[in-house]
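My numbering puts the first residue of the sequence shown at 969, with every later residue one more than the last. Here's the structure, in structure tokens; my notes come after.
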Amino acid sequence: MTNIPETGRTPRVQIRLVVIQILVLSLLGTLGGRLWYLQIREGAAYAKEASGNHVQQVVQPAVRGSILDARGVPLADNETRLVVSASRTDLLKMKDDGKAVLTKLAGVLGMKPTDVMQRVRLCDAKTPQPCWNGSPYQPIPITDEATPRQAMQIRERSEDFPGITAEPMAVRRYPAPGKANTAQVLGYLSPVTDAEITKAQHTDSPYLRSDQVGRSGLERQYDKELRGKAGVTRYEVDNLGRVIGKAKSDPAQPGSNLVTSIDSRVQRVAEYELHSAMKTARKQYDSITGENYKADSGAVVVMEAKTGRIVAMASAPTYDPNVWVGGISAKDYRQLTGKGSDYPLLNRAIQGQSAPGSTFKVVSTAAAVEAGYPWDGGYPCTSSYSVGGQVFKNFEGESFGPISLGRALEVSCDTVFYGLADREWKKDGGLNPKKGQPKDYFYKAAHQFGLGKQTGIDLPNEVSGRVPDRQWKQDYWKANKDAWCKSGKKNGTYVEKIAYENCREGNKMREGDSINYSIGQGDTLLTPIQEAMIYGALANGGTEYVPTIGKAIISADGKTVQPIKPQVKAKLPVSKATLKGMDKALAGVITRGTANWKFQGWPQDKITLHAKTGTAEVYGKQTTSWLATYSKDYTVVMTIAQAGTGSGASGKAVRDIYSALYGVQSDGSVDKKKALLPTPQKGLPKVRTDGTIDSPKVAKDPAKEVAKALEKGATNPGGTLPAATTASPAATNRNTRRRPRRRGNRRMLT
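As structure tokens, this is what we get:
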């Protein structure tokens, strides 16, 4: 018989009890240690954090800095408006998610209930504009155009409008209709998102939930400088939310002002002339297609030749940037981004790229000289150039006989450049060159001119254009080979034949590729700003500058000035003798070349202009007009898609811009008193210590009285109204007719 202890516990039970006791003691020890850690070791820190739970923050948005033109005239500033906002957090606490309140609010504001409700919904991949892409925890603006009467209704009946506020706030203001628009250059604002707040929280420029962020243009490029720093007032409250004292207050710091090199007067002229040129082009008849030119988009750049500073930059079609202020409507958003909109948000001066046509011949000329071809050599300007059974015709079958490279630029003789490029292609080994054999002078020259990459202009989203050299062809062939092989046919349509040839040898530099390239056709793509950079360098003796719009950043009190100095990008790979020859030839384009019929009567002896016309073909579309010009002070480049010839579509408009700059009258005389900017603007506008700007004209803020209308009844937790902005300033036989479009025979299949 087994002996059982008096306690009735077996050894196994006793072991289990000991284990349990150990576990209990371990748990008690762990709990005690944790209590010691929380109450003794970290007690002070947690006490401080707990007290923070009784502190509420009131944010006072900083006044965003103004964007000024070179004389101090605002291109973008602020004004005080009555803003009606809704707290999404409060609305979602209601049984109907606030639909009744928003419907009632719509009645007071004279808006449709659906429009109001769309503004407070959150943006996501499935939700179209309008919607709120900011933080869901900050007030969402419904309108910034409320009248004092509407605001008082909302305030006096606050019990009927829970979660709704009406306060005077500083909001962004862009130029009024009729003034310089500058929309794509300026950009627009929208609320900061949670993702942006998280990303920037550990940087030297964190966001607050109330911040507005630049989304494009200068507003985005210089957002950090313009935004300023919001003020934060911290209040101590009890457990019922009642204020028992003020803990700390950090005053708002207004953003700095950005002074640009834009001259709003020249900007207005450039916009008008671009619009006028496009309108006129649409009335012109295209004898090839049997239709009028569409002239559906374009751009113009006016740049200081010796600094690279932008004096004017216009893009068409354009839009009113004020549509973004206070939230954009569904209708306006469709008009800006819809399929039939022609995409006015694009800045075609830096994002519009197309074949440059004959304006590219300055690059080919430099390449030819570098390859050893003499400037004054007698190059045959024949009516056509034949290769492998394919005939490449000169303009209207013209023939000028043996001519120099300079004369080839003046009359824009295609066959001279066809011949030079073809000879170099053969020297480089033709279709199957040996390793290390190709010199590729024509392609290297383009890269040395800074093409095929961004200029570095201080605007976001600039495109790089394209230089279709051997590496590009190889990469492009790899990416498209399968599609070409699938759709190509040896005896099919033009497109099918091209696909067939590309499938077989699209990675090789073909004879036709080099011939097309030499006159700015084929796969070459340039932007207007790249053209301006090139011709600016030709104007100043060979120095390429990085194009810039920002000229200086000035603090709100005017005490701190950070100049933005011109930066040298590169030196053109061209000798002084070649530059001199080009300069003379491009002046000849004005006096006896392809642009003469548009510049007859111009006072060339007083204000020497230089130009190169370009008419670029685009498969399936009408030709693109290019005109690149310069004087000793400025470079003006204009391009219009589907508008015909370079001089025909753009000649008058470019001439008118120069006339405005220099004060040239219709009879050819020069009136300096009527000149807008006979020499580039020097110096900077003065910002006074009170934030006002010393500029040519000062106008009162049209919304200055808004704050006064509600000041007595204001219930701003911070005890003050957002500050209104300071007073802001207002604001031969061949050459006598239009050159018809060049047609066909530019793409070689052999």
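Ideal Cβ positions, reconstructed from N, Cα and C, are used throughout, including at glycine. Quick caveat: nothing in here was measured; it's all calculated off a predicted structure.
Bridge partners of residue 1349 according to DSSP: 1369. Contact between residue 1263 and residue 1611 holds: their C-beta atoms lie close to 4 Å from each other, under 8 Å. Secondary structure note for residue 1537: its beta strand (DSSP E) is the uninterrupted segment 1536–1539.
Straight-line spacing of the CA atoms in residue 1361 and residue 1377 works out to 17 Å.
In the structure shown, residue 1412 adopts helical secondary structure according to DSSP, grouped into three states.
Of all C-beta pairs linking the segment 1586–1604 to the segment 1618–1632, three or more are shorter than 8 Å, placing the two stretches in contact.
The Cβ atoms of residue 1563 and residue 1581 sit closer than 7 Å to each other.
Following the DSSP letters along the chain, one finds residue 1578 inside the beta strand (DSSP E) bounded by residues 1578–1584. By the 16-neighbour rule on beta-carbons within 10 angstroms, residue 1623 is buried. DSSP places residue 1602 inside the beta strand (DSSP E), whose first and last residues are 1602–1609. DSSP places residue 1262 outside both helix and strand once states are collapsed to three, so it counts as coil. For a cut-off of 8 Å, the C-beta gap from residue 1246 to residue 1608 is around 6 Å, short enough to register as a contact.
Runs of alpha helix (DSSP H) with 4 or more residues, each lying fully within the segment 1480–1516, are found at 1496–1508, listed in chain order. The count of Cβ pairs closer than 8 Å, one atom from the segment 1652–1659 and one from the segment 1519–1536, reaches three, so the stretches are in contact. A direct Cα-to-Cα measurement between residue 1044 and residue 1484 gives close to 44 Å. Pairing residue 1283 with residue 1317 gives a Cβ-Cβ distance under 7 Å. Only residues of its own chain outside the window of five on either side were considered, and among them 1189, 1516, 1517, 1518 have a CB closer than 7 Å to the CB of residue 1426, listed in chain order. Residues 1433, 1435, 1494, 1498 of the same chain have their beta carbon placed closer than 7 Å to that of residue 1419, with the five preceding and five following residues left out of the count. Counting C-beta pairs with one atom in each stretch, the segment 1565–1581 and the segment 1612–1619 have three or more that are closer than 8 Å, which means they touch. According to the DSSP assignment, residue 1529 belongs to no alpha helix (DSSP H) but to the beta strand (DSSP E) extending over 1529–1531.
Secondary-structure assignment with DSSP links residue 1180 through a beta bridge to 1159. Counting only residues of its own chain and dropping the five nearest sequence neighbours on each side, residue 1534 has a CB closer than 7 Å to the CB of 1275, 1276, 1277, 1513, 1516.
In the structure shown, residue 1296 adopts coil according to DSSP, grouped into three states. DSSP places residue 1385 in the uninterrupted alpha helix (DSSP H) bounded by 1382–1395. Rounded to the nearest whole angstrom, the CA to CA distance from residue 1223 to residue 1032 is 5 Å. By the Cβ neighbour-count rule, residue 1437 is buried, with 16 or more other Cβ atoms within 10 Å of its own. Secondary structure at residue 1624: helix, using DSSP grouped into helix, strand and coil. Bounds of the alpha helix (DSSP H) holding residue 1549 are 1544–1559.
For the pair residue 1393 and residue 1482, the CB atoms are nearer than the 7 Å cut-off. Within the segment 1198–1257, the alpha helix (DSSP H) runs of at least 4 residues that lie entirely inside it are, in chain order, 1232–1249.
By the Cβ-count criterion, residue 1369 is exposed, with fewer than 16 other Cβ atoms from all chains shown falling within 10 Å of its own Cβ.
When the Cα atoms are used, residue 1008 and residue 991 turn out to be separated by approximately 25 Å.
The alpha carbon of residue 1341 has as its nearest neighbour, out of 1528, 995, 1387, the alpha carbon of 1387.
The C-alpha of residue 1074 is placed about 50 Å away from the C-alpha of residue 1651. In this structure the segment 1302–1317 touches the segment 1138–1155; the number of beta carbon pairs closer than 8 Å is three or more.
Nearest Cα to residue 1320 within the set 1618, 1198, 989, 1592: 1592.
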